[in-house]
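For the protein sequence lines, the chains are V and B, in the order given.
Going by the working numbering, the first sequence opens with residue 1, and the numbers climb by one from there.
Going by the working numbering, the second sequence opens with residue 1001, and the numbers climb by one from there.
Beta carbons are placed, not taken as given, at the ideal position from N, Cα and C, and that holds for glycine.
Here is the structure we will look at.
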Amino acid sequence: MSVKYVPVQWNRNKYWYDAAMLIGVFAFTWVYLRVAPAWIDHTRPVDGAITNARAFGTCAFVMMSMILAIGPLARLDRRFLPLLYNRRHFGVMTLFVALTHVGFILGWYYAFSPIPRLEGLLTANTTFERVSGFPFEAFGVFALVVLMVLAATSHDFWMKFLTPPVWKRLHYLIYPAYAAVVAHVAWGKLQDQQDHTLTVLVVALSLIVAGLHVAAAVQDRRRGDPAAAHAGSGWVRVCSVDEIAEGRARIAMLPTGGRVAVFRHEGALSAISNACAHQNGPLGEGRIVDCVVTCPWHGFQYDVRTGRSPAPFTERVPTYRVALDGRDVLVDPEPNPLGVTTAPVPVPDIEEGGPRPAPTGEASA
Amino acid sequence: MAEALLTSVQVWLWIGVLVAAVFLGWGIDRIDEDARGAYVFRPLLVPGVMLLWPLVLWRWWQLETLRDDWLKRHDPPRRAHTLAAVGMAGAIVLALGLGLANRQVWPADIAPLQLTAPGVPTQDADG
C-alpha cells in the first residue's frame, strides 16, 4: 500500500517472486546454451551468436506464455492467485530478455550492414504481399514495442494517473502482442522443418494460453457475477441476506456499470465498489479481518464501512447505500462521493424479514 | 521509408524527453499530491512519458482543468476481456495455421548466392 510513491515497494514475497523468476531465466538459458547443444544434430552447426539469440528469444516466448497463463489460471483456480502478485516484474524482466534477443540478432545478422542496423532490420524483407515468406520481423517489432509500453507504464503511478479504464485498455495490447509473437516464431524459426522440439513447444504453449483464456471467459459467462435486478424506486436487489456469510461479500453488476460488493460484518451490511483503487482487483472476493477487507490481488486493505484504507494509507473506494427489504439486500446503484461514509445496516435476527424498511444508510462526510 | 520511420521515432522520443522534463520536474506536483516530495521514483517514469507523451499531456490537461471523472476509476472495462481473449485465441490459431501451412522448402544443396548491399549488382553464384 502506498502513502508516497517509492520506486519499488519491496517485501519478502516480492523478493521470493523475483528470485524464483531470475533463477528460472538463468536456468532456462543455461540449459539451452550449455546442455541442449549435446542433443542437437551436429551435422547442422549453428554459430554461437545465433544460439544466444535463439536462447533468449525462446526464453522470452516461454515467459510471455507464463505471464498470459497466470491471469486465467487465477480466475479458474484461486490457488494460482499468488502468481499474480508480482506479475509486473515478470513482464519487465521479459522485456529485458526480449531486448537481449534483439541485441544478438542485430549484432550478428546486421553486423556489417552498410545502413544503420535497425534500418537494415526493417528493410531486409518487405514482401508484405505474400503469405509465404511474410516478413516475420514486423511481428517481432510490434510485440517488442508493446512490451516496452507495458513495462514503461507498470509503475503504480500510471494506473492512478491514466485511470484504470485507460490503463487497462492500454494493457490489453498484450493480447495482440502475444499473437504477434506466435506469428513471429511461426513465420521465423518454425520455417525450419527440422526443429521439431521448438515446433512442439510453441504450438503447445500458445494453444494452452489460448485455451485457458477461452475457458476463463466461458466460466465468467456461466458463473460470473450476477446482474443486480431492479427493485423499484431506483434501488436494485443484490441477493438474499442469507447468502452473505459473516466476513464475506456478494458481488453484483450494477445497471450503471461497475460492480458492487456487499459485505456482512459483525451482523451488519456495508457496500463498497468491488474495484480496488490500486489495480481494480475484486475486493468482494476478499475476506474481512479486523474490520478491513484485503484485496486478493495485492493485499490493499479497506474499511468496508468507510471505503478508506487504514491510516496512514490514502486509497479510497466509493461506498453505496444499502437497505433491507425483508431478506432482500438492496443497493442504491448511485455511489456516494469518495470519502462519504454510510452507516452499516443491521441484519435482523429473525429468519423471515418483516415489512420493508425505509432505505437506511444515511451518508455522512 | 524505413529511414523516415526511424527519424520520426527519434523526433517522437525527443519530444517525449522535453515533455518528461517539464511534467516530471513541475507538472506532476500539481496534479498528484502523492508525488509531492517524492523524487526517486520519477526517473522510472521517463520511458513511459517518452513513449506516451500525447496521452500524458491529455491526462495532465484533464486533471488541471478538473475534467477527470472520478467514478470511472472504479469501473474497469472487464466486459472487453472476453472479446480480447477470444480474439487472441483466434489470432494464435490463425498464425500457427498459416505459418506452418506455408513452410518453405528448399533443397539442401542449393547453390549459394552472394548477398550484396543495396544498389550494388548482385553476383550470381557461378559468376
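Taking three-plus beta-carbon pairs below 8 Å as touching, is the stretch 159-174 of chain V in contact with the stretch 112-122 of chain V? no
Using a cut-off of 7 Å between C-beta atoms, extract the partners of V1086 of chain B located in chain V. As a position in the second sequence, residue 1086 of chain B is number 86, starting the count at 1. Ordered by position in chain V, the residues that pass the 7 Å Cβ test against V1086 of chain B are V214 and A217.
So for T1116 of chain B, helix, strand or coil by DSSP? As a working note, residue 1116 of chain B is residue 116 in the second sequence. In the structure shown, T1116 of chain B sits in coil (DSSP, three-state: anything other than H, G, I, E or B).
Using a 10 Å radius around the Cβ and a threshold of 16 neighbouring Cβ atoms, would you call W158 of chain V buried or exposed? As a working note, residue 158 of chain V is residue 158 in the first sequence. W158 of chain V is buried by the Cβ-count criterion.
I'd like to know whether the C-beta atoms of A55 of chain V and T94 of chain V end up nearer to each other than 8 Å. Here residue 55 of chain V corresponds to residue number 55 of the first sequence, with the count starting at 1. Here residue 94 of chain V corresponds to residue number 94 of the first sequence, with the count starting at 1. Going by C-beta atoms, A55 of chain V is not nearer than 8 Å to T94 of chain V.
Tell whether a beta-carbon distance below 8 Å holds between T123 of chain V and A1002 of chain B. On the first sequence, residue 123 of chain V is found 123 positions in, with the first residue counted as 1. On the second sequence, residue 1002 of chain B is found 2 positions in, with the first residue counted as 1. Yes, they are a contact pair.
Spell out whether any CB of chain V is found under 8 Å from the CB atom of D1032 of chain B. For this step, residue 1032 of chain B is matched to residue 32 along the second sequence. Judged by the 8 Å Cβ criterion, D1032 of chain B is in contact with chain V.
Can at least three beta-carbon pairs, one atom from the stretch 65-74 of chain V and one from the stretch 32-39 of chain V, be found at a separation below 8 Å? no
Would you say W1063 of chain B and G1016 of chain B are within 8 Å of each other, going by their C-beta atoms? If you number the second sequence from 1, residue 1063 of chain B lands on position 63. If you number the second sequence from 1, residue 1016 of chain B lands on position 16. A small fix is needed here, since residue 1063 of chain B is Leu in this sequence, not Trp. It is not a contact, given that the beta carbons lie outside the stated cut-off.
Where does P164 of chain V fall in DSSP's three states? The sequence position of residue 164 of chain V within the first sequence is 164, counting from 1. In this structure, P164 of chain V counts as helix in the three-state DSSP scheme.
Assuming contact is defined by CB atoms lying nearer than 8 Å, are L190 of chain V and L198 of chain V in contact in what I supplied? For the purposes of this step, residue 190 of chain V is taken as residue 190 along the first sequence, with counting starting at 1. For the purposes of this step, residue 198 of chain V is taken as residue 198 along the first sequence, with counting starting at 1. Cβ atoms of L190 of chain V and L198 of chain V: closer than 8 Å.
Every unbroken beta strand (DSSP E) inside the stretch 1003-1063 of chain B [3 residues or more]: none
Would you list the residues sitting across from A227 of chain V in a DSSP beta bridge? Reading the first sequence from its first residue, position 227 is the one you call residue 227 of chain V. Per DSSP, V:M253.
CB contact below 8 Å: W39 of chain V versus chain B: Position 39 of the first sequence, counted from the first residue, corresponds to residue 39 of chain V. By this cut-off, W39 of chain V is not an interface position.
Let me make sure I understand the geometry here. Which of V:C276, V:A323, V:G326 and V:A53 has the alpha-carbon closest to that of D303 of chain V? If you number the first sequence from 1, residue 303 of chain V lands on position 303. Selected option, being the one with the closest Cα: V:C276.
Counting only the same chain and skipping the five closest in sequence on each side, list residues whose C-beta sits under 6 Å from that of T294 of chain V. On the first sequence, residue 294 of chain V is found 294 positions in, with the first residue counted as 1. These residues qualify, in order along the chain: G286 and Q301.
Inter-residue Cα distance where the pair is T342 of chain V and L144 of chain V: Locating residue 342 of chain V in the first sequence gives position 342, where the first residue counts as 1. Locating residue 144 of chain V in the first sequence gives position 144, where the first residue counts as 1. Their Cα atoms are separated by approximately 47 Å.
Can you check whether the C-beta of D47 of chain V is within less than 8 Å of a C-beta belonging to chain B? Residue 47 of chain V sits at position 47 when you count from the first residue of the first sequence. No - not a single Cβ of chain B is within 8 Å of the one on D47 of chain V.
Counting only C-beta atoms, is P318 of chain V closer than 8 Å to chain B at any point? To locate residue 318 of chain V, count along the first sequence from 1; it is residue 318. Chain B, which has a Cβ nearer than 8 Å to the Cβ of P318 of chain V, makes this yes.
Does the stretch 73-87 of chain V touch the stretch 5-20 of chain V, meaning 3 or more C-beta pairs lie closer than 8 Å? yes
Residues near A183 of chain V in its chain [Cβ-Cβ closer than 6 Å; skip 5 each side]: Position 183 of the first sequence, counted from the first residue, corresponds to residue 183 of chain V. Once the five neighbours on either side are set aside, the close Cβ partners of A183 of chain V are F139.
Can you tell me the Cβ-Cβ gap for A179 of chain V and M1088 of chain B, rounded? I've got them flagged as a contact below 8 Å. Locating residue 179 of chain V in the first sequence gives position 179, counting from the first residue. Locating residue 1088 of chain B in the second sequence gives position 88, counting from the first residue. Yes, A179 of chain V and M1088 of chain B are in contact; Cβ-Cβ is about 5 Å, under 8 Å.
So, for F134 of chain V: in the same chain, excluding its five sequence neighbours on each side, which residues have a beta-carbon less than 6 Å away from its beta-carbon? Stepping through the first sequence from its first residue, residue 134 of chain V is reached at position 134. If we look at F134 of chain V and ignore the five residues flanking it on each side, its Cβ neighbours are W187.
Per the DSSP calculation, R308 of chain V is bridged to which residue(s)? Taking the first sequence and counting its residues from 1, the one referred to as residue 308 of chain V is at position 308. According to DSSP, R308 of chain V bridges with V:R316.
Any chain B beta carbon closer than 8 Å to T127 of chain V: Here residue 127 of chain V refers to the residue found at position 127 of the first sequence. So, not an interface residue.
G1097 of chain B, buried or exposed, once every other Cβ within 10 Å from all chains shown has been counted against 16: Counted from its first residue, the second sequence places residue 1097 of chain B at position 97. By the 10 Å Cβ count, G1097 of chain B comes out exposed.
Contact with chain B by F157 of chain V, beta-carbon distance below 8 Å: Position 157 of the first sequence holds residue 157 of chain V. It does: the Cβ of F157 of chain V has a partner Cβ on chain B nearer than 8 Å.
Between the stretch 89-103 of chain V and the stretch 235-245 of chain V, are three or more C-beta pairs nearer than 8 Å? no
Are the stretch 1035-1043 of chain B and the stretch 1071-1081 of chain B in contact at 8 Å, needing three or more beta carbon pairs? no
What is the DSSP secondary structure of A358 of chain V, counted as helix, strand or coil? For the purposes of this step, residue 358 of chain V is taken as residue 358 along the first sequence, with counting starting at 1. Confidence at A358 of chain V is low in this model, with a pLDDT of 46, below 50, so its placement is unreliable and the value that follows should be read with caution. Looking at A358 of chain V - three-state DSSP - the assignment turns out to be coil, as it is neither helix nor strand.
From this set, V:V185, V:H230, V:A98 and V:A27, which residue's C-alpha is nearest T256 of chain V's C-alpha? Looking up residue 256 of chain V in the first sequence gives position 256. Here the closest residue by C-alpha is V:H230.
Between which two residues does the alpha helix (DSSP H) carrying F104 of chain V extend? Position 104 of the first sequence, counted from the start, is the residue given in the question as residue 104 of chain V. Unbroken alpha helix (DSSP H) run through F104 of chain V: R87 to Y109.
Listing by chain order, which chain V residues have their CB less than 7 Å from the CB of E1003 of chain B? Your numbering for residue 1003 of chain B matches position 3 in the second sequence. Those within 7 Å of E1003 of chain B in chain V are E119.
Measure from the C-beta of W16 of chain V to each C-beta in chain B and report whether the shortest distance is under 8 Å. Taking the first sequence and counting its residues from 1, one reaches residue 16 of chain V at position 16. By this cut-off, W16 of chain V is not an interface position.
Using the beta-carbon of each residue, which ones in chain B are nearer than 8 Å to R327 of chain V? Indexing the first sequence from 1 puts residue 327 of chain V at position 327. Going along chain B, no residue has its Cβ under 8 Å from R327 of chain V, so there is no contact; the nearest lies around 28 Å.
Could you check where the beta strand (DSSP E) with A1111 of chain B kicks off and where it finishes? Here residue 1111 of chain B refers to the residue found at position 111 when the second sequence is read from its first residue. No beta strand (DSSP E) contains A1111 of chain B, which DSSP labels as neither H nor E.
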